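Engineer: In the order they appear, the protein sequences are chains R and P.
Okay, so the first sequence: first residue is 1 according to our numbering, each after it adds one.
Okay, so the second sequence: first residue is 1 according to our numbering, each after it adds one.
This is the structure, below, for whatever I ask next.
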Amino acid sequence: QKEVEQNSGPLSVPEGAIASLNCTYSDRVSQSFFWYRQYSGKSPELIMSIYSNGDKEDGRFTAQLNKASQYVSLLIRDSQPSDSATYLCASKAAGNKLTFGGGTRVLVKP
Amino acid sequence: EAGVVQSPRYKIIEKKQPVAFWCNPISGHNTLYWYLQNLGQGPELLIRYENEEAVDDSQLPKDRFSAERLKGVDSTLKIQPAELGDSAVYLCASSLEGGFIGNEQFFGPGTRLTVL
Numbered sequence: 001q002k003e004v005e006q007n008s009g010p011l012s013v014p015e016g017a018i019a020s021l022n023c024t025y026s027d028r029v030s031q032s033f034f035w036y037r038q039y040s041g042k043s044p045e046l047i048m049s050i051y052s053n054g055d056k057e058d059g060r061f062t063a064q065l066n067k068a069s070q071y072v073s074l075l076i077r078d079s080q081p082s083d084s085a086t087y088l089c090a091s092k093a094a095g096n097k098l099t100f101g102g103g104t105r106v107l108v109k110p
Numbered sequence: 001e002a003g004v005v006q007s008p009r010y011k012i013i014e015k016k017q018p019v020a021f022w023c024n025p026i027s028g029h030n031t032l033y034w035y036l037q038n039l040g041q042g043p044e045l046l047i048r049y050e051n052e053e054a055v056d057d058s059q060l061p062k063d064r065f066s067a068e069r070l071k072g073v074d075s076t077l078k079i080q081p082a083e084l085g086d087s088a089v090y091l092c093a094s095s096l097e098g099g100f101i102g103n104e105q106f107f108g109p110g111t112r113l114t115v116l
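Here's what the structure looks like:
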């Protein structure tokens, strides 16, 4: 079992809709969680970080964390074609090691 | 502020040949990471440096891979000899002090290696 699991997709959403991405992790000592966006042929860029249970909103993005269920999610509201990318979930325990999931590919159709 | 710089961007070599990748982190970032990313997968950590010290190299295949960060700034990752299975994207990232859980890792553009 991988330490960080994501559905590989593709997740196809119409423009303007909400894209919902899920991620589960196995290491209970993980303290912080990150969502990276990676366009094809490009490097990952950080879009959200979350450390506490609950929701964190930043513009059109909302990250949700439930440590009891070992579950992290990312919502993208009003999805745009420019949101089409692979979204990587990552967890970090003490010692600063980032562990990435395999990524979920999102396709936003006009 | 300049981002993480990597070179070359692309490299094609024959198997059994050596290859080296270079990374210059963001100025002031004392933590440097090398990741390997296979197609359709997330990045996997190869080695992490805090200044000149390699503090986590548990995932580095030491029989053929080596890395150095002599002056605590730029770093080189070497493969010798390369194998077909080494074809991947090699990403370098940097952050401020690695121990703080909130410090963001910034990634360079990567080097795409193809071994023929």
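C-beta atoms are modelled at their ideal positions from N, C-alpha and C, and glycine is treated no differently.
Quick caveat: nothing in here was measured; it's all calculated off a predicted structure.
(1) What are the residues in the stretch 37 to 52 of chain R lying within 8 Å of chain P by C-beta distance?
(2) Closer than 9 Å, CB to CB, is residue 85 of chain R near chain P or not?
(3) Would you call the CB atoms of residue 33 of chain P and residue 95 of chain P closer than 9 Å?
(4) So, does the CB of residue 12 of chain R fall closer than 9 Å to a CB anywhere in chain P?
(5) Between which two residues does the beta strand (DSSP E) containing residue 14 of chain R stretch?
(6) Just reading off the beta strand (DSSP E) that residue 54 of chain R is part of, what are its end residues?
(7) In whole angstroms, what separates the C-alpha of residue 20 of chain R from that of residue 70 of chain R?
(8) By DSSP, does residue 82 of chain R sit in helix, in strand, or in coil?
(9) Please list the partners that residue 83 of chain P has in chain R, where partner means a Cβ-to-Cβ separation under 8 Å.
(10) What residues in its chain sit with their C-beta under 6 Å from that of residue 89 of chain P, if we drop five residues either side in the sequence?
Structural biologist: Based on what the coordinates show:
(1) Taking 8 Å as the upper bound on Cβ-Cβ separation, chain P lies near residues 42, 43, 44, 45, 46, 49 and 51 of the stretch 37 to 52 of chain R.
(2) No, residue 85 of chain R lies away from the interface with chain P (no Cβ there is under 9 Å from its Cβ).
(3) By the CB criterion at 9 Å, residue 33 of chain P and residue 95 of chain P fall inside the cutoff.
(4) Chain P contact via Cβ: absent.
(5) Per DSSP, residue 14 of chain R belongs to the beta strand (DSSP E) from 11 to 14.
(6) Unbroken beta strand (DSSP E) run through residue 54 of chain R: 54 to 58.
(7) C-alpha separation (whole angstroms): 17 Å.
(8) In this structure, residue 82 of chain R counts as helix in the three-state DSSP scheme.
(9) Within chain R, no residue has its beta carbon less than 8 Å from that of residue 83 of chain P; the closest one is some 23 Å off.
(10) Closer than 6 Å at Cβ, skipping near neighbours: 37, 110 and 112.
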